[in-house]
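Chains as they are written, first to last, in the UniProt record's numbering: chain A, 1 to 254; chain D, 1 to 254. Positions of the beta carbon are idealized from the N, C-alpha and C atoms, including for glycine. Working notes, beginning with the structure itself.
There are 2 protein chains.
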Amino acid sequence: MSMDECAPSSRRSLLSCLVGGSQVLGLAAVVLTGVWMGRYRGGFAWDGSALQFNLHPLCMVLGLVFLQGDAVLVYRVFRNESKRNVKMLHGIIHLFALIISVVGIVAVFDFHKAAKIPDMYSLHSWCGLATLVLFCVQWVLGLMFFMFPVASAWLRAMYLPLHVFCGVMLLVMSIGSCLLGITEKLLFSIMGTYSQLPAEGVLANCLGVVLVCFGVLLIFILTNEEYRRPPNPEEEALSVHFKTLTEGASSPTP
Amino acid sequence: MSMDECAPSSRRSLLSCLVGGSQVLGLAAVVLTGVWMGRYRGGFAWDGSALQFNLHPLCMVLGLVFLQGDAVLVYRVFRNESKRNVKMLHGIIHLFALIISVVGIVAVFDFHKAAKIPDMYSLHSWCGLATLVLFCVQWVLGLMFFMFPVASAWLRAMYLPLHVFCGVMLLVMSIGSCLLGITEKLLFSIMGTYSQLPAEGVLANCLGVVLVCFGVLLIFILTNEEYRRPPNPEEEALSVHFKTLTEGASSPTP
């Protein structure tokens with residue numbers, strides 16, 4: 001059987017399986033973080049104590065990884081909705097991701113302040129804050145370029161491939177920052193017993209592996225040409241100029 | 001000016017700048033690792049002591065990051081050489097990367113054995129070893145599929161996009177594993193003073209940032225359609241069947 005004979009329906013059902021798998025992995029990451037912080041680190045609170053710190057990993061995995069991942073997936077999942085609606089959904093999920101991430105960052109700065117722990121010295125903090133700042137910039141630029149008629153069609157076409165590239169890089173950097181945070185937290189809290197692999201260590205290591213698998217699966221879906229949004233004849237007719245420019249530079253549609 | 005008017009020569013000189021920048025970053029990462037281990041951690045030896053451990057970060061940054069990165073760049077740099085020669089170079093640089101990485105792994109296992117430190121408990125060790133094993137598998141499969149006439153043209157065409165995707169993922173996982181290693185090493189050796197950001201801490205954090213920049217720049221070069229190897233008419237004529245199949249699945253040429 002040649003690849004051309006692969007029926008579109010079977011490719012679509014493979015896409016459904018892959019998206020389903022990514023959701024299972026993403027939710028598993030959120031649940032594992034919740035169990036780690038809730039069961040092994042004493043639970044959650046907003047009182048400047050270590051229990052407030054515990055909200056930091058949960059918010060980052062939920063906002064910066066799971067929601068950010070789902071926001072980029074909408075173009076693959078809602079292939080037959082109008083482009084405008086999908087774009088709105090993309091922006092709104094990213095906004096939720098941003099708000100939850102900022103809460104997560106405030107939680108840790110607040111805890112540091114109360115416990116008199118210095119800020120921003122570790123590689124995790126450098127990578128994590130850089131990721132969040134670039135995420136904000138990307139969101140504002142996306143809003144300006146693609147939601148409001150600020151930019152010309154030419155500027156939009158120039159920016160689109162860069163927006164897509166930066167989005168994928170931000171997802172990778174988010175996951176990388178989470179792994180650094182997991183390692184830091186484990187060495188700060190169970191340095192003495194980590195090498196005997198207690199339940200908490202295994203759970204946190206597994207969280208790291210699940211985050212890596214979530215990232216690899218998501219990027220596989222995103223970069224696979226076959227899962228791109230099919231061109232819609234009506235929309236194409238309305239944006240011929242834009243399309244011509246984009247095709248000239250062979251830039252991808254998100 | 002439309003993007004189509006961008007002269008190929010100016011695009012080529014931008015590619016040269018980007019490749020040059022990646023080499024500066026890659027070499028900077030190797031030098032920073034050498035300075036960190038040489039100046040702040042006592043230097044190098046092969047005697048089962050902590051000085052043998054110091055070879056581990058150096059070998060991994062040199063083999064798994066810098067050489068692996070350069071091995072994937074050859075298809076963008078040598079655009080006018082014969083495909084067979086470029087393929088050979090790609091395989092040979094990867095072989096050097098693999099050998100140096102294995103030396104780096106042996107260095108740390110050997111040190112652990114002498115110092116009676118348990119192996120394979122940390123997230124860094126899980127991610128790092130998984131990356132190295134998958135890197136070996138990828139190299140052997142690449143050799144079988146693309147250097148020896150073991151696989152049919154159809155199988156080659158099927159495997160090519162997966163080989164490219166896994167190659168990029170392996171590069172990202174290698175860099176991620178290095179960042180985890182940096183964090184671990186810092187917390188094991190300067191936990192008490194790290195928060196005051198001593199010179200060693202700043203140097204190691206900067207190494208992490210340089211590694212991230214190296215990865216982002218490399219993936220930008222690799223995923224930019226404009227920098228793909230241009231099709232060679234003679235070679236195309238020799239592999240029409242292969243090309244037709246590849247085009248059918250719209251899979252990329254590495």
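Query, Result
"Taking only beta-carbon positions, decide if D/W126 is within less than 7 Å of chain A.", "yes"
"Measuring only the C-alpha atoms, how far is A/L62 from A/I100?", "8 Å"
"Run the CB neighbour count on A/D47, radius 10 Å, all protein chains shown included, and call it buried at 16 or more, exposed below.", "exposed"
"Would you be able to state if there are at least three C-beta pairs under 8 Å between the segment 146 to 165 of chain A and the segment 203 to 215 of chain D?", "no"
"Measuring CA to CA, which of D/E184, D/A153, D/M191 and D/L73 is closest to D/C127?", "D/E184"
"Below 7 Å between beta carbons: does that hold for A/E226 and A/R11?", "yes"
"Check D/T193 in the structure and name its three-state DSSP category.", "coil"
"Given that D/E184 touches chain A, what residues does it touch there, using C-beta distances under 8 Å?", "T183 and L187"
"Please confirm if A/N80 has its CB atom under 7 Å from at least one CB of chain D.", "no"
"What's the C-alpha gap between A/L179 and A/L211?", "8 Å"
"Among the residues of its own chain, which have a CB less than 7 Å from the CB of A/A29, if the five just before and after it don't count?", "V61, V65, F66, L207, V210, L211 and F214"
"So is D/G192 buried or exposed if we call it buried at 16+ other beta carbons inside 10 Å?", "exposed"
"Under a Cβ-count criterion, where at least 16 other Cβ atoms within 10 Å of its own Cβ denotes burial, should A/S9 be classed as buried or exposed?", "exposed"
"Nearest to A/L58 by CA position, among A/C17, A/V31 and A/V77, is which residue?", "A/V31"
"Per the contact definition of three or more C-beta pairs closer than 8 Å, is the segment 186 to 204 of chain A in contact with the segment 132 to 148 of chain D?", "no"
"Does the segment 115 to 129 of chain D come close enough to the segment 78 to 96 of chain D to have 3 or more Cβ pairs within less than 8 Å?", "no"
"Looking at C-beta atoms only, is the number of pairs between the segment 32 to 52 of chain D and the segment 100 to 118 of chain D that lie closer than 8 Å three or more?", "yes"
"What are the boundary residues of the alpha helix (DSSP H) that includes D/R12?", "P8 to V35"
"Would the beta-carbon of A/F44 fall within 7 Å of that of A/L55?", "yes"
"My guess is that D/I221 and D/R76 are in contact by the Cβ rule of under 8 Å, so how many angstroms apart are they, rounded?", "6 Å"
"Which bits of chain D does A/V108 rub up against, with CB to CB less than 7 Å?", "What A/V108 touches in chain D: nothing, since even the nearest Cβ is about 14 Å away."
"So is D/I219 buried or exposed if we call it buried at 16+ other beta carbons inside 10 Å?", "buried"
"Does the Cβ-Cβ distance between A/W36 and A/L141 come in under 7 Å?", "no"
"So, is the C-beta of A/Y121 closer than 7 Å to a C-beta in chain D?", "yes"
"For D/A153 and A/A153, what's the separation of their Cα atoms in angstroms?", "42 Å"
"Would you give the residue range spanned by the alpha helix (DSSP H) that A/K83 belongs to?", "K83 to A115"
"Applying the 10 Å Cβ sphere with the 16-neighbour rule, what's the burial state of A/V170?", "The sequence given here has Leu at residue 170 of chain A, not Val. It is buried - the Cβ of A/L170 has at least 16 other Cβ atoms within 10 Å."
"In this structure, how does DSSP classify A/M169 when only helix, strand and coil are distinguished?", "helix"
"Return helix, strand or coil for A/E236, following the three-state DSSP convention.", "Note that A/E236 scores a pLDDT of 49, beneath 50, so its modelled location is shaky; the value from the coordinates is reported in the next line. Correct three-state label for A/E236: helix."
"May I ask you to list, following chain order, the residues of the segment 76 to 100 of chain A that have a beta carbon less than 8 Å from some beta carbon of chain D?", "none"
"With the cut-off set at 7 Å, would you say A/V102 and A/H90 are in Cβ contact?", "no"
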